[in-house]
Each structure stands twice: as structure tokens, then as C-alpha cells.
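A.B. asks: Heads up, the sequence shown is in this note's numbering, so the first residue is 340 and it goes up one at a time. A virtual CB, placed ideally from N, CA and C, is assigned to each residue, including glycine.
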Amino acid sequence: MHEMSLCENIRDIIQAQAAESGFVRVNRVWLEVGALSCVEPDALRFGFDVVMRGSVAEGAALEIATPAAKARCLACGQVAVVAHRYDPCPACGAVEMQVTQGDALKISKLEVV
Ligand SMILES: [Zn+2]
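As C-alpha cells, this is what we get:
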């Protein structure tokens with residue numbers, strides 16, 4: 340389950356930020372899981388609780404937002420919301436769409452003590 344390794348990455352980032360910023364406890368973590376990121380939010384929640392044990396984010400609440408993905412058409416330059424990675428351009432029908440957002444997982448905010 341790759342959500343486990345994603346959670347480990349998140350934990351490492353939070354631990355590094357804690358060391359840098361000097362906070363010792365994280366109450367809440369906001370994550371952005373792009374619509375095209377292939378991440379299963381439920382699996383992420385499960386992995387999160389397990390992986391955060393013993394870290395500054397142990398017991399932290401997890402808020403997951405799933406922003407829509409956007410892609411830019413390489414043929415006509417149109418930027419459109421896409422539900423799937425290989426959706427054609429809604430303006431010209433070209434299939435060469437470059438995903439510009441919504442294909443990644445990132446930490447958007449931390450509530451720390
Ligand atoms: Zn187009």
C-alpha cells in the first residue's frame with residue numbers, strides 16, 4: 340500500500356519542520372490530495388494514525404481536501420478542469436493535456452503547539 344510510504348514522507352516533513360520551527364506537537368494536519376494523485380483518502384487516514392505514532396503528530400487530526408485537477412492543452416493553450424489524466428481538451432479535442440495541478444499530495448497547513 341503506497342499510502343503508508345506517503346504517510347512516512349509526511350511524517351518526515353513534519354518532523355523536519357518541527358525541528359526547524361521549534362514546535363513539539365501538531366494538533367491538526369491539512370493535506371491536499373489532488374484528484375489525479377491516485378491516493379486513496381481512506382487508506383491515507385488509516386496509514387496516518389499508524390505512522391504518526393511516536394512523532395510530533397501522534398494523535399493529530401487529519402483534514403483531507405481533494406482539489407480538482409487542472410490541465411493545460413498543449414495544442415490550444417486552454418486550461419481546463421480534468422477528471423482523468425487522459426481527458427481530451429474541452430476546447431479543441433486534442434489529447435495532449437499537461438496536468439498543471441491536482442496530481443500531487445501536499446501538506447497545506449499544520450496546526451501546531
Ligand atoms: Zn485544446
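For a test of your reading of the model: does the CB of Gln440 fall under 7 Å from any non-hydrogen atom of ligand 1? Yes or no.
C.D. replies: No; taking the cut-off as 7 Å, the Cβ of Gln440 has no heavy atom of ligand 1 nearer than that.
A.B. asks: Using a threshold of 8 Å, state whether the C-beta atoms of Ala374 and Ala422 are closer than that.
C.D. replies: A contact, by the Cβ cut-off of 8 Å.
A.B. asks: Cβ of Pro429 within 8 Å of Cβ of Ala414?
C.D. replies: No. Outside cutoff.
A.B. asks: Would you say the beta carbon of Cys431 comes nearer than 7 Å to a heavy atom of ligand 1?
C.D. replies: Yes, since a heavy atom of ligand 1 falls inside the 7 Å radius drawn around the Cβ of Cys431.
A.B. asks: What do you reckon, are the CB atoms on Leu345 and Val378 nearer than 8 Å?
C.D. replies: Result yes, Cβ atoms of Leu345 and Val378 sit closer than 8 Å.
A.B. asks: Can you check which of these residues, Ala410, Gln417 and Arg424, is closest to Gln440 by C-alpha distance?
C.D. replies: Comparing Cα positions, the closest option is Ala410.
A.B. asks: Spatial neighbours of Ala443 within its chain, please: CB distance less than 7 Å, with the 5 preceding and 5 following residues excluded, ordered by chain position.
C.D. replies: Once the five neighbours on either side are set aside, the close Cβ partners of Ala443 are Gly373 and Ser376.
A.B. asks: Can you name the residues that DSSP bridges to Glu450?
C.D. replies: Answer is Arg367.
A.B. asks: Helix, strand or coil for Gln354, going by three-state DSSP, please let me know.
C.D. replies: It is helical.
A.B. asks: Would you mind stating whether Arg364 and Val389 have Cβ atoms separated by less than 8 Å?
C.D. replies: No; because the gap between Cβ atoms is not below 8 Å, this pair is not in contact.
A.B. asks: DSSP state of Glu402, grouped into three classes?
C.D. replies: Correct three-state label for Glu402: strand.
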